[in-house]
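Number of protein chains: 2
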Amino acid sequence: MADKPAATAATQEGQARTKMGAVKMDDIARMAGVSKSTVSRALSGSPLVNEETRARIQALVESHSYRVDTRAQGLRKGHTHTIAVVIPLLHEHDQPISDPFFLELLGHIADAVADHGYDLLLSKIGPGRTNGMADLVDTGRVDGLIAIGQSTAHLGLERLAARGMPLVVWGAQLPEQHYVTVGSDNRAGAERAVAHLIAQGRRRIVFLGQRTVPEIRLRHEGYVAALAAAGIEPDPALDVPTRFASAAALTAMRSLIAGGASFDAVFACSDVIAISAIRALQDQGLKVPQDVAVVGYDDIQMAAFYNPALTTVRQDTATGGRLLVDLLFAQIAGRPARSVMLPTELVVRASCGAALSGTTTPGSR
Amino acid sequence: MADKPAATAATQEGQARTKMGAVKMDDIARMAGVSKSTVSRALSGSPLVNEETRARIQALVESHSYRVDTRAQGLRKGHTHTIAVVIPLLHEHDQPISDPFFLELLGHIADAVADHGYDLLLSKIGPGRTNGMADLVDTGRVDGLIAIGQSTAHLGLERLAARGMPLVVWGAQLPEQHYVTVGSDNRAGAERAVAHLIAQGRRRIVFLGQRTVPEIRLRHEGYVAALAAAGIEPDPALDVPTRFASAAALTAMRSLIAGGASFDAVFACSDVIAISAIRALQDQGLKVPQDVAVVGYDDIQMAAFYNPALTTVRQDTATGGRLLVDLLFAQIAGRPARSVMLPTELVVRASCGAALSGTTTPGSR
DNA sequence: ATGAAAGCGCTAACAA
DNA sequence: TTGTTAGCGCTTTCAT
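These protein sequence lines are chains A and B, in that order.
Going left to right, the first sequence walks through residues 1 to 365 as the UniProt record's numbering numbers them.
Going left to right, the second sequence walks through residues 1 to 365 as the UniProt record's numbering numbers them.
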C-alpha cells in the first residue's frame, strides 16, 4: 500500500494530487494561461468564451480530473444542490425498523433526486424535533426536505411550511393542512380491502394498526365505512393497536388470540404487520385463509412470495417517490405545488380466501 | 397559508426571517455589539471569551434561532462533516431492490454517523463508476465513503484506496486488498450452515446465489468445504446462480425444479432469496422442510416470521454498521484502520428440519 | 472574448 | 479578552 501510489504518480506528468492538495480552478487557469473567470465560464457552458480556449481548458480539466468544489460553488450561488429525506419511523423506540416499504420508496426518491442532479441527505431526525429539520436548511446543508410519514409531527411540519421552507411529506392529507403531501388514498384503499373481505362472507374483522398515525386513522375510517355499508357495527374488541415492527405485531395478535376474541378476518395496516399476524395465527393452529382471512397494506415485494401469498393494498412507490421529488423542486423553484392523493389498487392473492381459482402467484400473470 | 406567517411574524420582535434572509453571524455580532470573530469564538466554545459576552451572544442566537452555515464553515475549515454511503446493489438493473438487510445495516450506519455529529449522504452511484465515488470527495461534498457491497467494483475501490481516500466497504475480505472492509465471515458462516444441513441427513444441497459477487464466492467456498468434509462431491447441476431480487430467485428455483433436478436441501445466499425459493418449492407441492430443507443468510427481521420460520446465518448489522463508521473516522483522523471480519451465528429454526421439538419461534425464547 | 475585483459566511492568524 | 485582516474556492458584475 506504500509504493503503488508513487508508481502511479510517476505516470502522469502534471500529477495534480497524490493524496491531498486537490487541483483548484486557479491551477487550471494558470495552466491554460487564462484567468479563473474564464475557466468558470467555460465550465458552466457560457457562450462568451472562445471555442479554442474552452477546448484547451476542457483538456486540462480532464487530464487532471478536476472537479468544481460544490461547497464553494454553493456558498457563492446560494444553494446546496442537495435535498434531505427524513424518516421519523426509522427510529421507533431507538431501534431501527426495517420495513421494506421504506426502502422501496427511498430507492425511488433517490432515483428522482439523482435525475435532477441533486444529492440526497438521509437524516435520522425524529418526528419530535422538527426544528432539527429546520436546521438542515437553515445551516445551508440542504435546499429542501422530504419527510416520510408525518407521524406525530403534524404541528411541527405546519410550522416549517408556514416559514416558507420547501417541504413535501409522504403521508395523509389532513384537513386544514398547509404543507404539501403525497400519499395514497388511505381511506378508499382500506375501505375497498375490507369490503372485499366482507364480500367473502367475513363479518368479524380485526383492525390491526395504530390510529395515532394519521394515515392509519384514515384507514380505520375506511374500515368503519366498509363495515357500515354492510350494516356491521364495529366491535371495539377487534380494534388492535400495534406499531409497525414485526415483533410488536406478533405480540398484539397473540394477546388478541389469547384473550379469546372471535374473528374471521384481519385487516393489517402494513404487509409486515400482516405477515406477523399470519404467523401468530398459524402458531395457534388457525388456518389462513380458511379460518381467518388476512389482508395487508403496501404490497411490498415479498408480499407475493409469502405463504400464503398476501392479498394487499398496493401503494405505488414509484410514482409516489417521483411525485414527492417533483413537488419539492417545484417549491424550490417558487412554483406552486398542490398535494396529491394517489389511487390504490387491491391486489387479490391467496391470503384473503377469494376465488382461489384465480390465486395470483408471482410470475403467473 | 397567507396570514398565519404574518401573524407569527408580528409576535417576535426581532423577527429574523419571515421566509428568506436568514440571520448571519455578522448580524448577531452587530446586535451583541461585538465582532464576528467573538461570536465565532463564543459559539465554538473557546475559553478566551468573557462569560458575560458569551451569555449575551447565546441569548441572541437562541432568540433568533441562528445557526452557523455549515457550508461556509466547511469551506473554511476544509471538511464537510458529512460522509457518503454508496449502495451499488440499490440499483440492480435500474430497478431498486429492497432487501431489508440493506435498510437494517443502513439504519445502524445512520445512527453511528449521527453519533459522530456527521451527516449522511446517500448515493446511487453504481459499482461501475467508482470515479463517481471519487467525485463525491473531490468536489468537497463528503469527507469519506462507505460502500455497501463491493460487488464488481473491486478494482475501482482499490484505486480509490490507493489515492488515499477515506473509504470503508462492507463486503468480503479479498487477498491482496488495499482497502478496509468490514463483513461477516462468509466462508465460515456458509460452511456451518451447510454442515448443519448435512447433519440433518441432507446430501444433495442446492447452492442459490451469484458467485460473481465476492461475498457469495466465499460462501460457495464454505459450501464446498462442508460438502468435502462429509465426503460429498459438489454437483454442478445444483449450483444455481441468482440475483438478490425475489423475482429472480423465484425464477431460478422454478427452472431448477422444472429441469427435474433432484435435491433435498437449499442453501440460499440471502433470506429474501430463501423465501422466494420456499415459495417456488411449495408451489410445486414440495414440503419444507420435510421434502426440502432450506437455510438462508442474513437473519432479517422477517426471517423469524416466515412460514416455516427460517433457519439462517445471522450477520450482526448493529456492530457491523458501527464498525464501518468507526473505521472510516479513524481513517479520516489519520489513524490506521484494519479490516474486520465479524463472526456469524447459525440461527436454527423450522425451515431446515432440525430437531423440531426445539423449533425457534419469535418471542419464545 | 477575457480579466480584475468583490464578495458568499465563516474561521484563524496576528495585533491590540 | 477582543478586533482586524486574510482568505477557503468559486461566481459574477464591471471594465476592457
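Virtual Cβ for every residue (Gly too), placed ideally from N, Cα, C.
Looking at A:A245, A:V180 and A:T181, the one whose alpha-carbon comes closest to that of A:G209 is A:A245. B:A72 reaches chain A at L75 and G140, counting residues in chain order whose Cβ is nearer than 8 angstroms. Take A:A147, set aside five residues on each side of it, and the residues of its chain with a beta-carbon closer than 6 angstroms to its own are V86 and V169, in chain order.
Each of A:G156, A:G320, A:T82 and A:V61 was checked against the Cα of A:L120, and the nearest Cα belongs to A:T82.
Rounded to whole angstroms, the separation of the alpha carbons of B:S123 and B:S151 is 15 angstroms.
Within the segment 174-204 of chain A, the runs of beta strand (DSSP E) at least 3 residues long that lie entirely inside it are, in chain order, 180-184.
If the five residues before and after B:A193 are omitted, its C-beta is found closer than 7 angstroms to the C-beta atoms of F267, V295, V313 and L346, all from its own chain and listed in chain order. Of the residues B:R202, B:L197, B:G171 and B:R204, the one whose Cα lies closest to the Cα of B:T212 is B:G171.
For B:V180 against B:R338, the beta-carbon gap comes to about 7 angstroms, under 8 angstroms, which counts as contact.
Of the candidates B:A258, B:Q315 and B:R203, the residue whose Cα lies closest to the Cα of B:R219 is B:Q315. Beta-carbon to beta-carbon, A:C352 and A:T311 are separated by about 4 angstroms, close enough to satisfy the 8 angstroms threshold. Between A:L227 and A:P236, the alpha-carbon positions lie close to 13 angstroms from each other. Legend: CB atoms of the UniProt domain "HTH lacI-type" (23-77) of chain B lying less than 7 angstroms from CB atoms of chain A belong to residues R67, V68, D69, T70, R71, A72, G74 and L75. For B:Y223, the enclosing alpha helix (DSSP H) starts and ends at P214 to A229.
Interface with chain B (8 angstroms Cβ-Cβ cutoff): A:I216 is excluded. A:I83 carries a strand assignment under DSSP once its states are collapsed to helix, strand and coil.
Check the Cα spacing between A:Q282 and each of B:A261, B:F305 and B:V142: the tightest is with B:F305. Per DSSP, the beta bridge partners of B:I146 are B:V85 and B:V168. Secondary structure of B:V292 (DSSP, three-state): coil. Boundaries of the beta strand (DSSP E) harbouring A:L346: E345 to V347, taken from the DSSP string. Note that the C-beta distance between B:L145 and B:P166 is below 8 angstroms. Annotated as proximal: B:V272 and B:D99, with beta-carbon spacing under 8 angstroms.
Residues of chain A with a Cβ closer than 7 angstroms to the Cβ of B:A114 are, in chain order, K124.
Any Cβ of chain A closer than 8 angstroms to the Cβ of B:F329 would place that residue at the interface, and such an atom is absent. Sorting B:F329, B:R349 and B:T344 by C-alpha distance to the C-alpha of B:A112 places B:F329 at the top.
Taking a C-beta cut-off of 9 angstroms against chain A, the contacting residues of the segment 289-300 of chain B are I300, listed in chain order. Around the C-beta of B:S184, 16 or more other C-beta atoms lie within 10 Å, and the residue is accordingly described as buried.
Its Cα nearest to that of B:R279, the residue B:P308 stands out among B:P308, B:Q177 and B:S44.
Here A:D115 is exposed. Its C-beta has fewer than 16 other C-beta atoms within 10 Å. Distance check between A:E176 and each of A:G164, A:H154, A:N186 and A:G78 places A:H154 closest, using alpha-carbon atoms only.
A distance below 7 angstroms between beta-carbons, with the five flanking residues on each side excluded, links B:L174 to the following residues of its chain, in chain order: H154 and P214. DSSP places A:F263 in no alpha helix (DSSP H); its state is neither H nor E.
At a cut-off of 8 angstroms between beta carbons, A:P100 contacts chain B.
When Cβ-Cβ separations below 8 angstroms define contact, A:Q315 makes no contact with chain B. Between A:D143 and chain B, the shortest Cβ-Cβ separation is not below 8 angstroms. Using a 10 angstroms sphere on the CB of B:Q301, the tally of other CB atoms reaches 16 or more, which defines it as buried.
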